[in-house]
Amino acid sequence: MKHEELPLLNIFKNLRQQHGLLLGVDEYMVVLRSLQAGLGVESRQELEELCCLVWAKSEQENHLIRQIFEKMWQILPTQSGNQVRGIPEPRTLPESNISLPEKPTVTKPLSDASSDEKPAPEPSQVDELAELESKPTIIPEPLQTVQAVRSSRQDRLQIRPHYSLLSEYFPVTKRQMKQSWRYLRRPVREGIPIELDVEATVAKIGHEGMLLTPVLIPRLTNRTDLVLLIDQEGSMVPFHDLSRQLVETAERGGRLRQTHVFYFHDYADDYLYRHPALLDAQPISEVMEEIGQRAVVLIVSDAGAARGNFDQERVEETKQWIEQLQQSVRYCAWLNPMPNEYWRDTTAGEIARLLPMFEMSRQGMNGAISVLRGRYVAWEKMYSWLI
Amino acid sequence: MSNLKNLLKAHGKPFYTGNSISLEDSQGYKLSPYLPSPKLVDAVNLSIFLENRPLLLKGEPGCGKTRLAEAVALELGLPYQPWYIKSTTKAKDGLYTYDAVDRLYDVQLASMDKQSPQVKDLNNYIRKGPLGCAFENEKRTVVLIDEIDKADIDFPNDLLRELDEQKFKIEETGEEVEAKCPPIVFITSNDEKDLPDAFLRRCLFYYIEFPSDEQLKSIVNIHFPESPIDLVEAAVKRFTELRQKMQGKHDKKVSTSELLDWFAVLREFPQDEVLKQLQGQIPFPEILLKKWEDHQRYLSEK
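Put into structure tokens, the structure is as follows:
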């Protein structure tokens with residue numbers, strides 16, 4: 000089998016487009032360069048290994064690449080009519096590999112990445128690969144969210160593309176979440192003094208006539224304590240994965256000092272739960288004492304917008320605990336996974352009058368984080384029907 | 000990838016074979032032997048071949064991530080620069096540090112004595128960090144950036160240019176330091192925090208799998224040559240049993256390094272006695288089980 004016949008480009012595109020791996024032309028070229036140098040041409044396993052090394056960045060991605068290889072090699076014989084038998088022809092002479100002009104393969108990815116002129120890979124292949132994703136393998140639940148969001152936005156999505164170009168259907172991708180979290184910072188000098196305070200040292204020398212000891216100050220660290228209050232169960236079920244991702248990115252990708260996560264259902268009456276399955280209850284007053292005044296609170300809930308009805312009782316109850324919340328912490332905001340045009344005339348619309356509520360989109364999330372940083376955001380003006 | 004060897008030779012680059020370190024060497028350098036899997040050896044060689052792609056190693060704690068760099072440096076006979084990251088480490092620390100306070104003291108002394116020997120030369124106050132040293136070295140250097148996830152999340156991004164272009168600028172003097180020989184960079188991460196995508200993109204990634212029973216046996220054997228086969232087999236068997244029981248739970252699992260510590264104690268006792276003990280309750284459980292719950296869970300069973 001020749002290099003040009005290898006489904007490498009398809010695999011690469013599939014990883015980028017269907018699975019959202021952050022790969023650039025560079026990464027493709029590295030694999031080509033290695034192939035030209037004679038690496039990974041011995042067997043399929045070697046090629047697979049090479050691709051895993053260069054393209055995968057986690058255990059899951061390793062697994063994903065292996066899976067796609069498996070799938071590709073199943074498709075291949077039927078498609079090209081070649082007898083591949085799972086292993087490409089062995090290339091014995093490394094010298095000939097190096098001298099082989101591989102121009103067509105090299106230029107392909109370049110033109111491909113820069114323009115869309117190149118036709119997409121044969122539909123059958125794309126379909127089969129798309130199938131791969133829909134199977135509940137690595138990222139199972141997002142589909143539920145997708146369906147939830149899609150069905151609510153049907154009017155917008157009239158022309159549905161043959162296949163989606165984005166890996167994550169979420170309104171905010173994991174990467175964007177991480178980026179947003181990074182803005183949530185309250186730098187405070189804390190810890191052991193190790194940084195030289197130049198100004199103070201100079202002033203001290205001026206005062207004492209000579210340098211006896213330099214003035215040291217602690218380094219800047221982020222002192223934001225984030226509290227995530229997440230609505231679980233009921234109408235929030237399709238969004239579980241989304242909130243899980245929110246928690247994960249805040250804990251692992253952010254630079255927050257502490258992240259507390261509590262769960263509730265519909266509204267918090269007297270208790271908040273530490274476990275997503277609403278276990279490990281803790282009285283709300285105790286939680287408030289524990290997190291302290293300076294913590295910032297972000298609530299994640301659809302506030303009844305998913306059901307689309309109006310529930311006076313829920314509004315009243317929510318109002319009560321929001322007021323309680325606002326008394327104990329300075330900044331809090333609400334993220335609603337439902338798009339804001341669905342809030343109107345529902346419980347959510349009424350709750351949105353109580354505190355800054357944002358839809359779960361990039362702008363919404365940035366807005367919520369600005370509120371948590373103590374900036375004023377004209378959130379009411381975003382929704383004309385609120386005023 | 001068998002032809003990597005010829006390839007690296009053709010390019011005049013060193014080639015790592017993963018041979019275990021001989022006993023004399025390990026005593027001489029105070030290093031214990033290291034036994035990498037063939038795939039890991041490939042990964043190392045690919046990183047050597049590509050030059051500006053560091054090898055990012057992940058895996059369970061105690062599976063030998065940190066030890067690899069040392070083993071590679073020793074086998075290839077290259078200088079070794081470890082850089083152990085702490086939560087306060089900044090990217091610049093790895094390149095150089097400028098001791099302003101020291102210079103300030105010297106300026107004062109100089110103004111008193113009316114002699115200014117070294118104060119004028121800023122280079123006297125600049126100390127190169129591990130990466131800076133590696134760039135300056137005429138020989139290719141093996142650099143280990145250990146536990147990169149401990150640092151601030153900006154840390155990896157601050158190193159992008161330095162690792163990519165293999166040069167950096169000393170702000171204080173304006174001097175550009177360019178790598179004379181591209182270093183072989185190993186990065187380990189315990190996955191406490193996610194690394195930025197831009198950084199990940201530039202790395203080769205390798206996940207060190209937990210060794211199989213056979214590999215475990217050979218690992219024990221090269222660490223403790225001439226140990227009785229029965230004892231090695233019994234110990235490894237007991238160890239893997241324990242590990243399998245831990246499977247599926249989120250707790251810390253027993254690691255290779257703990258097995259070696261454990262075995263080091265076991266071999267000191269008469270063989271028949273130990274073999275008998277291995278049948279029953281785990282001997283010296285404090286080496287393997289680090290939590291009270293684990294003690295309760297795994298010790299009460301037999």
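For the record, the sequence lines run as chains A and B.
Quick note: the first sequence uses numbering that gives the first Met the number 0, first residue 0, plus one each step.
Quick note: the second sequence uses numbering that gives the first Met the number 0, first residue 0, plus one each step.
All C-beta atoms in this analysis are idealised placements derived from N, C-alpha and C, irrespective of residue type, glycine included.
According to DSSP, simplified to helix, strand and coil, what is Val142/B?
One-based indexing of the second sequence puts residue 142/B at position 143. In the structure shown, Val142/B sits in a strand (DSSP, three-state: E or B).
Reference Gly303/A; option with closest CA among Tyr270/A, Ser234/A, Phe261/A, Gln362/A:
Looking up residue 303/A in the first sequence gives position 304. Gly303/A has its Cα closest to that of Ser234/A, out of Tyr270/A, Ser234/A, Phe261/A, Gln362/A.
Report yes if the CB atom of Leu8/A is closer than 8 Å to the CB atom of Val30/A, and no otherwise.
Translated into positions along the first sequence, residue 8/A becomes position 9. Translated into positions along the first sequence, residue 30/A becomes position 31. Taking 8 Å as the Cβ cut-off, Leu8/A and Val30/A do not qualify as a contacting pair.
Residues that DSSP places opposite Cys331/A in a beta bridge
As a position in the first sequence, residue 331/A is number 332, starting the count at 1. Cys331/A is bridged to Val296/A.
Identify every run of the alpha helix (DSSP H) within the region 34 to 118 of chain B, keeping only runs that are complete inside it and at least 4 residues long; order them along the chain.
37 to 49, 64 to 75, 90 to 94, 99 to 112
Pro155/B lies in the alpha helix (DSSP H); which residues open and close that run?
Residue 155/B sits at position 156 when you count from the first residue of the second sequence. Residues 154 to 157.
Secondary structure of Lys12/B, DSSP reduced to three states
In the second sequence, counting from the first residue as 1, residue 12/B sits at position 13. It is coil, neither helix nor strand.
Rounded C-alpha distance that separates Lys4/B from Leu241/A
Here residue 4/B refers to the residue found at position 5 when the second sequence is read from its first residue. Here residue 241/A refers to the residue found at position 242 when the first sequence is read from its first residue. If you take the alpha carbons of Lys4/B and Leu241/A, they lie about 47 Å apart.
Please state the DSSP three-state secondary structure of Gly128/B.
Within the second sequence, numbered from 1, the residue matching residue 128/B stands at position 129. DSSP, reduced to helix, strand and coil, places Gly128/B outside both helices and strands of the structure shown, so it counts as coil.
Check whether the region 137 to 151 of chain B touches the region 174 to 191 of chain B, taking contact to mean three or more Cβ pairs, one atom from each stretch, closer than 8 Å.
yes
Neighbourhood of Glu316/A by C-beta distance below 6 Å, restricted to the same chain and skipping five residues each side
Counting from 1 along the first sequence, the entry for residue 316/A is found at position 317. Tyr266.
Residue from Lys318/A, Tyr341/A, Ile321/A whose Cα sits closest to the Cα of Gly307/A:
Numbered from its first residue, the first sequence carries residue 307/A at position 308. Among Lys318/A, Tyr341/A, Ile321/A, the Cα nearest to that of Gly307/A is on Tyr341/A.
CB-CB under 7 Å to Leu121/B, same chain, minus the five flanking residues each way: which ones, in chain order?
In the second sequence, residue 121/B corresponds to position 122, counting from 1. The answer, listed in chain order, is Glu171, Thr172.
Under 7 Å from the C-beta of Arg185/A: neighbouring residues of chain B
As a working mapping, residue 185/A is identified with position 186 in the first sequence. Within 7 Å Cβ-Cβ: nothing; Arg185/A doesn't reach chain B, min ~15 Å.
Does the Cβ of Gln231/A have 16 or more other Cβ atoms within 10 Å, making it buried, or fewer, making it exposed?
Within the first sequence, the letter at position 232 stands for residue 231/A. Buried, by the Cβ-count rule.
Report the option in Arg52/B, Leu55/B, Val71/B whose CA atom is closest to the CA atom of Tyr33/B.
In the second sequence, residue 33/B corresponds to position 34, counting from 1. Ranking the options by Cα distance to Tyr33/B, first place goes to Val71/B.
To the nearest angstrom, how far is the alpha carbon of Met306/B from that of Tyr104/B?
This structure cannot speak to residue 306/B, because chain B is shown only from 0 to 301.
Interface partners of Glu48/A on chain B, CB under 7 Å:
Numbered from 1 along the first sequence, position 49 holds the residue referred to as residue 48/A. Simply Lys38, Asp41.
Where does His294/B sit, in a helix, a strand or coil, going by DSSP?
Along the second sequence, one-based indexing puts residue 294/B at 295. Reduced to three states, the DSSP call for His294/B is helix.
At which residues does the beta strand (DSSP E) containing Asp230/A begin and terminate?
The residue you call residue 230/A lines up with position 231 of the first sequence. Note, Asp230/A: beta strand (DSSP E), 224 to 230.
Across the region 57 to 71 of chain A and the region 70 to 86 of chain B, are there enough close Cβ pairs to call them in contact, namely three or more that are closer than 8 Å?
Short answer: they don't touch.
Val56/A versus chain B: which residues are under 9 Å apart at the beta carbon?
Within the first sequence, residue 56/A is the residue found at index 57, counting from 1. Looking at the sequence provided, one finds Lys at residue 56/A rather than Val. By Cβ distance, chain B contributes Leu55, Leu194, Asp196, Leu199, Arg200, Cys202, Phe204.
Who pairs with Pro186/A in a beta bridge, going by DSSP?
Working through the first sequence from its first residue, we reach residue 186/A at position 187. Asn221/A.
Which residues, taken in chain order from the region 16 to 40 of chain A, show a beta carbon closer than 9 Å to some beta carbon of chain B?
Leu21, Leu22, Gly23, Asp25, Glu26, Val29, Arg32, Ser33, Ala36, Gly37, Leu38, Gly39, Val40
Using a Cβ-Cβ cut-off of less than 7 Å, give me the residues of the region 204 to 233 of chain A that come near chain B, in sequence order.
Met209, Leu210, Pro213, Arg218
Would you kindly check if the distance between the Cβ of Lys251/B and the Cβ of Lys192/B is under 8 Å?
Stepping through the second sequence from its first residue, residue 192/B is reached at position 193. Stepping through the second sequence from its first residue, residue 251/B is reached at position 252. Annotated as distal: Lys192/B and Lys251/B, with beta-carbon spacing of 8 Å or more.
Confirm the yes/no value for this check: CB of Cys202/B, any heavy atom of the ligand GTP, distance under 7 Å.
For the ligand GTP, the structure offers nothing, since it holds no ligand at all.
Helix or strand or just coil, what does DSSP make of Ala267/A?
Counting from one through the first sequence, the residue named residue 267/A turns up at place 268. Ala267/A: coil per DSSP, three-state reduction.
Residue environment, Gln180/A, which counts as buried when at least 16 other CB atoms sit within 10 Å
For the purposes of this step, residue 180/A is identified with residue 181 of the first sequence, where counting begins at 1. In the sequence on display, residue 180/A carries Trp and not Gln. Trp180/A should be labelled buried.
Taking the straight line between their C-alpha atoms, what separation do you get for Leu34/A and Leu6/B?
Taking the first sequence and counting its residues from 1, the one referred to as residue 34/A is at position 35. Taking the second sequence and counting its residues from 1, the one referred to as residue 6/B is at position 7. The alpha-carbon separation between Leu34/A and Leu6/B amounts to approximately 11 Å.
Proximal residues of chain B, C-beta to C-beta of Arg251/A below 7 Å
Position 252 of the first sequence, counted from the first residue, corresponds to residue 251/A. Those within 7 Å of Arg251/A in chain B are Lys192, Asp193.
Output, in chain order, the set of chain B residues within a Cβ distance shorter than 7 Å of Asn61/A.
Here residue 61/A refers to the residue found at position 62 when the first sequence is read from its first residue. Those are Tyr206, listed as they occur along chain B.
Quick check on DSSP: helix, strand or coil for Asp190/B?
Here residue 190/B is taken as the residue at index 191 of the second sequence, counted from 1. Here Asp190/B sits in coil by DSSP.
Along chain A, which residues have their Cβ under 8 Å away from the Cβ of Tyr104/B?
Locating residue 104/B in the second sequence gives position 105, counting from the first residue. Chain A residues near Tyr104/B: Leu210.
So which residues of chain B does Leu52/A contact, with C-beta pairs closer than 7 Å?
In the first sequence, counting from the first residue as 1, residue 52/A sits at position 53. Per Cβ cutoff of 7 Å: Ala42, Leu45, Leu203, Phe204, Tyr205.
Could you please tell me which residues of the region 237 to 270 of chain A, in chain order, have their CB closer than 7 Å to any CB of chain B?
For chain B, the residues of the region 237 to 270 of chain A that bring a beta carbon within less than 7 Å of one of its beta carbons are Arg251, Gly252, Arg254, in chain order.
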